[in-house]
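A short write-up of the structure that comes next.
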Amino acid sequence: MLGSGLGTRIDQAECIIRMNTAPTLGYETDVGSRSTVRVVSHTSVPLLLRNQTYFFEQSQETVYVIWGPRRQMDLNSGITYRVLFHAKGKFPQVQIYTLTQDMMAYCDQVFQNETGKNRAMSGTFLSTGWFTMILAMELCEEIAVYGMVSENYCRDRAHPSVPYHYYEKGKLDECTMYMMHEKASRGAHRFMTEKAVFSRWARRKRIYFTHPSWEA
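Residues 1 to 216 (full-length UniProt numbering) are what the sequence shown spells out, left to right.
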């Protein structure tokens, strides 16, 4: 996304969904400044709370959707739920929602239906991108996905080396991160597998990929 100059185009969308704590401040030219919905992993909540002024005061129009396992999101004993409850008390105007455990189970079942593999038994952690795509399909008639490569992208030795996150220079590049997770036996995201599923969904729904652009 860096150097794309797509910020104005992105900001013109009716609904803009971002993931985790990906910032807009300082990157407005390339990624825009508006955030309608932000889907956040339970593991990214500490990063979210570390910059409460930016996320909860300057971006008050954003709806936050937090996902996580029962042990983190339980209303009585979940650590992540408790810190979010405290943040809501401090910033009552902020709209924070959590995925229900029924919805979490549904997302697991969709993974199994699409891949033939049980998520837990295959050592897989679903990515925030997985939950975001399912939510987007529930909300939107048409989806434009920016900055997502295809499942075959990293197999091309001529692909450029870019950061896994546009805002984290000098760390693992995108394809190194993807392949490391795809090959891990347990406790990993299956980024390339998910992208293959997204490609199939795009053939049936109005989902388009841009920067880089590729056909499903």
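Backbone N, C-alpha and C fix where the C-beta goes; we use that ideal spot for every residue, glycine too. Since this is a predicted model, take the numbers as computed values, not measurements.
Annotation: the continuous alpha helix (DSSP H) that includes Val31 extends over 28 to 31.
Runs of the alpha helix (DSSP H) lying entirely within the region 16 to 78 and spanning at least 4 residues, in chain order: 28 to 31, 45 to 50, 70 to 73.
At a Cβ-Cβ threshold of 9 Å, Thr80 and Gln93 do not count as neighbours. Boundaries of the alpha helix (DSSP H) around Tyr106: 101 to 115. Rounded to whole angstroms, the gap between the alpha carbons of Leu172 and Met180 is 10 Å. Shown here for Glu28: same chain residues with a beta carbon closer than 8 Å to its own, the five before and five after excluded, namely Gly7 in chain order. If one requires a minimum length of 4 residues, the alpha helix (DSSP H) runs lying completely within the region 131 to 190 are 174 to 183, in chain order. Relative to the Cα of Ala105, the nearest Cα in the group Arg119, Arg155, Tyr97, Gln95 belongs to Arg119.
Arg190 sits close to Thr115, with the two beta carbons spaced by under 9 Å. Per DSSP, the beta bridge partners of Thr98 are Ile66. Cβ-Cβ separation between Ile17 and Thr132: approximately 6 Å, consistent with a contact (criterion under 8 Å). Selection Ala13, Met177, Arg38 evaluated against Ala144 yields Ala13 as nearest (Cα-Cα). Proximity to Cys107 across Ser4, Val197, Asp74 peaks at Val197, based on C-alpha coordinates. With the rule of 3 Cβ pairs closer than 8 Å, the region 159 to 171 does not count as touching the region 40 to 56.
Val37 has its alpha-carbon roughly 13 Å from the corresponding atom of Met137.
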